Amino acid sequence: MSYRITLIPGDGTGPELTAATKRVLEATGVDLEWEVQEAGVDVLEEKGTPLPDEVLASIRRNKVALKGP
-13 MSYRITLIPG DGTGPELTAA TKRVLEATGV DLEWEVQEAG VDVLEEKGTP LPDEVLASIR
47 RNKVALKGP
């Protein structure tokens, strides 16, 4: 069985921290699929909201998310 997780790397150190967390979770041997979504300051400037509807839809669909700072 595979588990799909919404991954929101975040801003600043977020991408580095979520990449490390992702490696730790993958080391468990559990079959994980990552659905990467962008949110935060850069998205706010681009789309006018820090949390676009598609990000919320992904979280609702997957029922779980990992968000970096």
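For what it's worth, the numbering used here labels the leading residue of the sequence shown as -13, then goes sequentially.
Even for Gly, the Cβ is constructed at its ideal location relative to N, Cα and C.
Fair warning: this is a prediction, and the values are worked out from it, not measured in the lab.
* **Per-residue DSSP class, three states only, for threonine 4** => helix
* leucine 37, DSSP secondary structure in three states -> coil
* Asked: On the three-state DSSP scale, how would you describe aspartate -3?
  -> coil
* **Cβ contact (3+ pairs, closer than 8 Å) linking the segment 13 to 27 and the segment 39 to 47** => yes
* DSSP state of alanine 13 mapped onto helix, strand, coil -> coil
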